[in-house]
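See below for the structure under consideration.
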Amino acid sequence: MVNIDTPLALRLPKTAARKLADGGFETVGDLLSYAPIRYYQWGKLTDISSLSVGEDQAILAQVVSASIVQNRSGKGVRFLVHVTDGSARLTCTFFAKNAYMLSHHQRLLRPGAAVLIAGKVGEYHGSLQIVQPEFEEIEEGSAIDAARRAGRPIPIYRAISGLPSWKIASLIDALLTADDDPIGEEVLPEHIRAVHALFPHDRAIRMLHQPQTPVDWETARRSLAWEEALVLQTALLGSRTGVMAQGDRAFWDSSSSSSSSRSAPPLPSPTESAENGDNDLVAELIRSLPFELTSAQRQAWKQIEDDIALTEPMQRLLQGDVGSGKTIVALLAMLRAVRAGYQAAMLAPTEVLARQHWYSLTTILDRAGVHVPVHLLTSKRPSVEKNQVLTALASGEPSIVVGTHALLQEGVEIPKLGLVVVDEQHRFGVAQREQLRYGRTPIPHLLVMTATPIPRTIAMTVFGDLDVTAMSELPSGRKPVETFLVDERNTVWVDRMWQRAREEIDGGGRVYVVCPRIDGDEPEEDDQKSDETGPGTRSLPAAMEIVEELRRNPTFDGVNIGLAHGRAKPEDNAAAFAAFADGSVPLLVATTVVEVGVDVPEATMMVILDGTRFGLSQLHQLRGRVGRSEAASVCMITHPGELSETSAERLDAIAKTNDGFALAEVDLRLRKEGNVLGKNQSGRVSGLQFLSVRRDATVISAARETAREILEEDPTLERHPKLAGAARQRAEEELVWMESS
Ligand code: ADP
Ligand code: MG
Numbered sequence: 025m026v027n028i029d030t031p032l033a034l035r036l037p038k039t040a041a042r043k044l045a046d047g048g049f050e051t052v053g054d055l056l057s058y059a060p061i062r063y064y065q066w067g068k069l070t071d072i073s074s075l076s077v078g079e080d081q082a083i084l085a086q087v088v089s090a091s092i093v094q095n096r097s098g099k100g101v102r103f104l105v106h107v108t109d110g111s112a113r114l115t116c117t118f119f120a121k122n123a124y125m126l127s128h129h130q131r132l133l134r135p136g137a138a139v140l141i142a143g144k145v146g147e148y149h150g151s152l153q154i155v156q157p158e159f160e161e162i163e164e165g166s167a168i169d170a171a172r173r174a175g176r177p178i179p180i181y182r183a184i185s186g187l188p189s190w191k192i193a194s195l196i197d198a199l200l201t202a203d204d205d206p207i208g209e210e211v212l213p214e215h216i217r218a219v220h221a222l223f224p225h226d227r228a229i230r231m232l233h234q235p236q237t238p239v240d241w242e243t244a245r246r247s248l249a250w251e252e253a254l255v256l257q258t259a260l261l262g263s264r265t266g267v268m269a270q271g272d273r274a275f276w277d278s279s280s281s282s283s284s285s286r287s288a289p290p291l292p293s294p295t296e297s298a299e300n301g302d303n304d305l306v307a308e309l310i311r312s313l314p315f316e317l318t319s320a321q322r323q324a325w326k327q328i329e330d331d332i333a334l335t336e337p338m339q340r341l342l343q344g345d346v347g348s349g350k351t352i353v354a355l356l357a358m359l360r361a362v363r364a365g366y367q368a369a370m371l372a373p374t375e376v377l378a379r380q381h382w383y384s385l386t387t388i389l390d391r392a393g394v395h396v397p398v399h400l401l402t403s404k405r406p407s408v409e410k411n412q413v414l415t416a417l418a419s420g421e422p423s424i425v426v427g428t429h430a431l432l433q434e435g436v437e438i439p440k441l442g443l444v445v446v447d448e449q450h451r452f453g454v455a456q457r458e459q460l461r462y463g464r465t466p467i468p469h470l471l472v473m474t475a476t477p478i479p480r481t482i483a484m485t486v487f488g489d490l491d492v493t494a495m496s497e498l499p500s501g502r503k504p505v506e507t508f509l510v511d512e513r514n515t516v517w518v519d520r521m522w523q524r525a526r527e528e529i530d531g532g533g534r535v536y537v538v539c540p541r542i543d544g545d546e547p548e549e550d551d552q553k554s555d556e557t558g559p560g561t562r563s564l565p566a567a568m569e570i571v572e573e574l575r576r577n578p579t580f581d582g583v584n585i586g587l588a589h590g591r592a593k594p595e596d597n598a599a600a601f602a603a604f605a606d607g608s609v610p611l612l613v614a615t616t617v618v619e620v621g622v623d624v625p626e627a628t629m630m631v632i633l634d635g636t637r638f639g640l641s642q643l644h645q646l647r648g649r650v651g652r653s654e655a656a657s658v659c660m661i662t663h664p665g666e667l668s669e670t671s672a673e674r675l676d677a678i679a680k681t682n683d684g685f686a687l688a689e690v691d692l693r694l695r696k697e698g699n700v701l702g703k704n705q706s707g708r709v710s711g712l713q714f715l716s717v718r719r720d721a722t723v724i725s726a727a728r729e730t731a732r733e734i735l736e737e738d739p740t741l742e743r744h745p746k747l748a749g750a751a752r753q754r755a756e757e758e759l760v761w762m763e764s765s
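Numbering (my numbering) for the sequence shown: 25 to 765.
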């Protein structure tokens, strides 16, 4: 058998192996599971027209014309090579001191020659070009030449540490032809393969790289996607039954791997046992809320209430649109834990959000006259206060604690932890999500809340271990936020926008102004979007500068203007938010620190400066900061006018709809695959090689069903040892859905 764990260094030339290692490819298996980004079929090449600017591409093309041009400045020359794939054209440009230095290029890149070209695609005077691409002639007799002549699909790979597609192809060919033994393990049960017409693993890998026909690679890809989906779903569903446990290292399992110990503290409704419900904190709170729960909230709470009354640990995802009131629902569950004598912990991804939650919870409880200690634990708090919190937690006194990652650190003892609420924001991986529950008996119940709605395929892929509750209803009386796009080149509109802000403030409202940057000189933090508006030529609105501009702007005479951003001291941000909330500073310039959770019902206007710099779910989140009362609210999003297609679609979508679930689907469609799931700790885009959460929705749900059936029939996976092994390995890896961009 081909050992997929063999280091590449033992099988490939040293320099190639070193480059591959730099790219994170260590073993034969790593390289063999590197999927081509597409396939070319000579004669049917119509692909240049679909290239996207800013991406590293490999192209197979024919040279149309080639000429040396003197640079206008008089210094140096350019070699311009026009190539075509039969439909569209692309220009390759090489720069040199003199023509002599380009003689090698001229020799190979002559009209009529078939060549491979690789490099970053750019745009110049409206046409596609690659500057200084790598290139190689298609040699007669080479594998690519043979494929070309036979009309077979040619795999195109994304470059790895400077190794272009065709080098990768020949390295893979070398691995595949050196050995006729089967590659890797067969994970898919045979009957599944038969039902879904899938290749065995070995054939799938071979056909991925060396297809004879398009059907070959399509089937190969589908087979590998299926395999990946089944392994993933088995890992996710298996984690609930404890079958994934391997010794005591598995993160989800309690200290022993026997499933009988997987019990949670039952947190039943006290009204069922006690004569009078007076000391039922939940009933008390609901009674004293200044509003009625929406029916979506009541249904969600009912599901959670039923879950936590059982000894089987709850694992539930609470999805709700922005402003749907998830916090209260989580609070009810936490009160139930406290009432039953347990502690409840709420984990938030950022300092700002943790404080905000702590503030909301204490306010709601105070207002309702319900007395339950609520602690705040973040790493930035002074150590005296931290120690007080740590001591209180260690005492096991029934209470609520809100915190950041600081809660996960060693030395934090929460001996009576009965419920963990994770305000997910999609940025915690499974392992982190579960960390507070590690090795505890009984196992605390788990409630995960997502900040924004997420598409179904993502929910199944990233949160597949959780039952899902969705709340799409907003509290009654809320008016949908009206959203307008403002071309920032149109100064009349921009002035009008600021006047409107002034009117809101004069009418008792508050206005957020969100900027993509803190100050002018920080590097672009979000490389994903830089390719859409072109390499950073424009300077982005920066909070520190905008705040000065607005203070100078006569429109805001007499208005106090605050500032909050990620590099400020937490106390300063907290003070800025407090002043904003109480109205003494009704205009707040900020970065995305206001993105999630911040809750100031009086805020009626959101200004987002340069909306092209934010992801769709981020825009929806930001907009969700207004429209939190019965007053009408407005959101104004500026943009630079000239928009890429994706930016335009994104902004159109946000302006057209307030439905977060619909926006989530649009978002998924507009993203590049690699931007859907986050990076794992090693920095490589996490986990999924073949499975596309965009394309493979049906595969994902079918695999989920299959995994469920397999686990039902064979709960310990005794009869599926290879699947079990692969699922355990998968379970060690993290999948994170990136909401931010
Ligand atoms: P999100 O789901 O976005 O986290 P929050 O929990 O922050 O929403 O709630 C948004 C706002 O709506 C808060 O001010 C909260 O007090 C209020 N709220 C929650 N439930 C209701 C309700 N049933 N009726 C009216 N207002 C509500
Ligand atoms: Mg919230």
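Don't be surprised by glycine CBs; every beta carbon is placed ideally from N, CA and C.
When DSSP builds the beta bridges, which residues end up paired with P179? By one-based count along the sequence shown, residue 179 stands at place 155. According to DSSP, P179 bridges with Y63.
Measure the alpha-carbon distance for R591 versus I542 and round it to whole angstroms. For the purposes of this step, residue 591 is identified with residue 567 of the sequence shown, where counting begins at 1. For the purposes of this step, residue 542 is identified with residue 518 of the sequence shown, where counting begins at 1. One C-alpha to the other measures close to 8 Å.
With three or more C-beta pairs closer than 8 Å as the rule, is the region 726-741 touching the region 234-243? no
C-beta atoms of S348 and L498 nearer than 8 Å: Numbered from its first residue, the sequence shown carries residue 348 at position 324. Numbered from its first residue, the sequence shown carries residue 498 at position 474. Yes.
Answer with buried or exposed for V423, where buried requires no fewer than 16 other C-beta atoms within 10 angstroms of its C-beta. As a position in the sequence shown, residue 423 is number 399, starting the count at 1. The identity of residue 423 in the sequence shown is Ser, whereas the question assumes Val. So S423 ends up on the buried side.
If we ignore side chains and look at the alpha-carbon of each, how far apart do V425 and V454 end up? Position 401 of the sequence shown, counted from the start, is the residue given in the question as residue 425. Position 430 of the sequence shown, counted from the start, is the residue given in the question as residue 454. C-alpha separation (whole angstroms): 21 Å.
Compare the C-alpha of A324 against each of H644, L687 and G344 and name the closest. What you label residue 324 is simply residue 300 of the sequence shown in a count that begins at 1. Among H644, L687 and G344, the Cα nearest to that of A324 is on G344.
Residues of its chain near A598, where Cβ-Cβ distance is below 7 Å and the 5 sequence neighbours each way are ignored: In the sequence shown, residue 598 corresponds to position 574, counting from 1. Answer for A598: R379, listed in chain order.
Closest Cα partner of Q94 within the set N122, T258 and Q86: As a working note, residue 94 is residue 70 in the sequence shown. If we check each option's Cα against that of Q94, N122 comes out closest.
Inter-residue Cα distance where the pair is F452 and V486: The residue labelled residue 452 in the question sits at position 428 within the sequence shown. The residue labelled residue 486 in the question sits at position 462 within the sequence shown. Rounded to the nearest angstrom, the two C-alpha atoms are 10 Å apart.
Using only alpha-carbon positions, find the residue among A418, E409 and V376 that is nearest to A368. Counting from one through the sequence shown, the residue named residue 368 turns up at place 344. Ranking the options by Cα distance to A368, first place goes to A418.
By how many angstroms is the C-alpha of P314 removed from the C-alpha of L385? Counting from one through the sequence shown, the residue named residue 385 turns up at place 361. Counting from one through the sequence shown, the residue named residue 314 turns up at place 290. Between L385 and P314, the C-alpha separation is close to 14 Å.
Return the CA-CA distance between F604 and V650, expressed in angstroms with no decimal places. Taking the sequence shown and counting its residues from 1, the one referred to as residue 604 is at position 580. Taking the sequence shown and counting its residues from 1, the one referred to as residue 650 is at position 626. Near 13 Å, if we compare the C-alpha coordinates of V650 and F604.
Return the chain-ordered list of same chain residues with a C-beta closer than 7 Å to the C-beta of T30, the five sequence neighbours on each side being excluded. Here residue 30 refers to the residue found at position 6 when the sequence shown is read from its first residue. T51 and V52.
Paired residues, beta bridge with P224 - DSSP: On the sequence shown, residue 224 is found 200 positions in, with the first residue counted as 1. In DSSP, P224 forms no bridge with anything.
Leaving aside the five residues before and after L612 along the sequence, list all residues of the same chain whose C-beta is less than 8 Å from its C-beta, in chain order. Taking the first residue of the sequence shown as position 1, residue 612 is located at position 588. Correct list, in chain order: R534, V535, Y536, V537, I585, G586, L587, A588, A600, F601, F604 and V618.
Please check the pair L132 and E161, which I expect to be a contact at CB under 8 Å, by giving their CB distance rounded to whole angstroms. Sequence index remark: in the sequence shown, residue 132 carries index 108 (1-based). Sequence index remark: in the sequence shown, residue 161 carries index 137 (1-based). Correct: roughly 5 Å between the Cβ atoms.
Which whole runs of the alpha helix (DSSP H) in the region 137-178 are 4 residues long or more, in chain order? Those alpha helix (DSSP H) runs which fall completely within the region 137-178 and span 4+ residues are 167-174.
Residue burial classification, Y63 (beta-carbon count within 10 angstroms, cutoff 16): Within the sequence shown, residue 63 is the residue found at index 39, counting from 1. Burial of Y63 is indicated by the presence of at least 16 other C-beta atoms within 10 angstroms of its C-beta.
Opposite I570 in the DSSP bridges: which residues? Residue numbering aside, residue 570 sits at position 546 when the sequence shown is read from its first letter. DSSP output for I570 lists no bridge partner at all.
Quick one, which of L317, A288 and M495 has its alpha-carbon nearest L470's? Locating residue 470 in the sequence shown gives position 446, where the first residue counts as 1. For the residues L317, A288 and M495, the minimum Cα distance to L470 belongs to A288.
Start-to-end residues for the alpha helix (DSSP H) that takes in A755: Within the sequence shown, residue 755 is the residue found at index 731, counting from 1. Run containing A755: P745 to E756, per the alpha helix (DSSP H) assignment.
Report the residue ranges of all beta strand (DSSP E) runs contained in full by the region 314-366; include only those spanning at least 3 residues, in chain order. 339-344
Considering D491, what are the terminal residues of the beta strand (DSSP E) in which it resides? Within the sequence shown, the letter at position 467 stands for residue 491. Segment D491 to M495, the beta strand (DSSP E) holding D491.
Are the region 438-448 and the region 679-694 in contact at 8 Å, needing three or more beta carbon pairs? no
So is H381 buried or exposed if we call it buried at 16+ other beta carbons inside 10 Å? Position 357 of the sequence shown, counting from 1, holds the residue named residue 381. H381 comes out buried.
Count the other C-beta atoms from every protein chain shown that fall within 10 angstroms of the C-beta of S278, then say buried if there are 16 or more, exposed otherwise. For the purposes of this step, residue 278 is taken as the residue at position 254 of the sequence shown. With a pLDDT of 34 at S278, under the threshold of 50, the predicted position of this residue should be treated as unreliable, though the coordinate-derived value follows. With 16 or more Cβ atoms within 10 Å of its Cβ, S278 is classed as buried.
Give, in chain order, every unbroken run of the beta strand (DSSP E) that is at least 3 residues long and sits entirely within the region 453-513. 469-474, 491-495 and 506-511
Taking the alpha carbon of R637 as the point to measure from, which residue in S194, T662 and R652 has its own alpha carbon closest? Within the sequence shown, the letter at position 613 stands for residue 637. Among S194, T662 and R652, the Cα nearest to that of R637 belongs to T662.
Is T351 near the ligand ZN, in the sense that its beta carbon is under 7 Å from a heavy atom of that ligand? With respect to the ligand ZN, the structure shown offers nothing to examine, as its ligands consist of the ligand ADP and the ligand MG.
Using DSSP with H/G/I as helix, E/B as strand and the rest coil, what is A372? Locating residue 372 in the sequence shown gives position 348, counting from the first residue. Here A372 carries a coil assignment [DSSP, helix/strand/coil].
Report yes or no: do the region 253-265 and the region 745-752 share at least 3 C-beta pairs separated by less than 8 Å? As far as the Cβ criterion goes, the region 253-265 touches the region 745-752, which means the pair count is three or higher.
Would you check if the distance between the CB atom of I352 and the CB atom of I328 is smaller than 8 Å? By 1-based counting over the sequence shown, the position of residue 352 is 328. By 1-based counting over the sequence shown, the position of residue 328 is 304. Contact: no.
Quick test of your reading: P179 and A193, contact by CB under 8 Å. State the CB separation rounded to the nearest angstrom. Along the sequence shown, read from residue 1 onward, the residue named residue 179 stands at position 155. Along the sequence shown, read from residue 1 onward, the residue named residue 193 stands at position 169. Going by Cβ atoms, the distance from P179 to A193 rounds to 6 Å, so yes, they are a contact pair.
Cβ of H499 versus every heavy atom of the ligand ADP: is any distance shorter than 7 Å? By one-based count along the sequence shown, residue 499 stands at place 475. Here residue 499 turns out to be Pro, not His, going by the sequence shown. Indeed, a heavy atom of the ligand ADP lies less than 7 Å from the Cβ.
Quick one: what does DSSP say I28 is sitting in, helix, strand or coil? For this step, residue 28 is matched to residue 4 along the sequence shown. I28 falls in the coil class under three-state DSSP.
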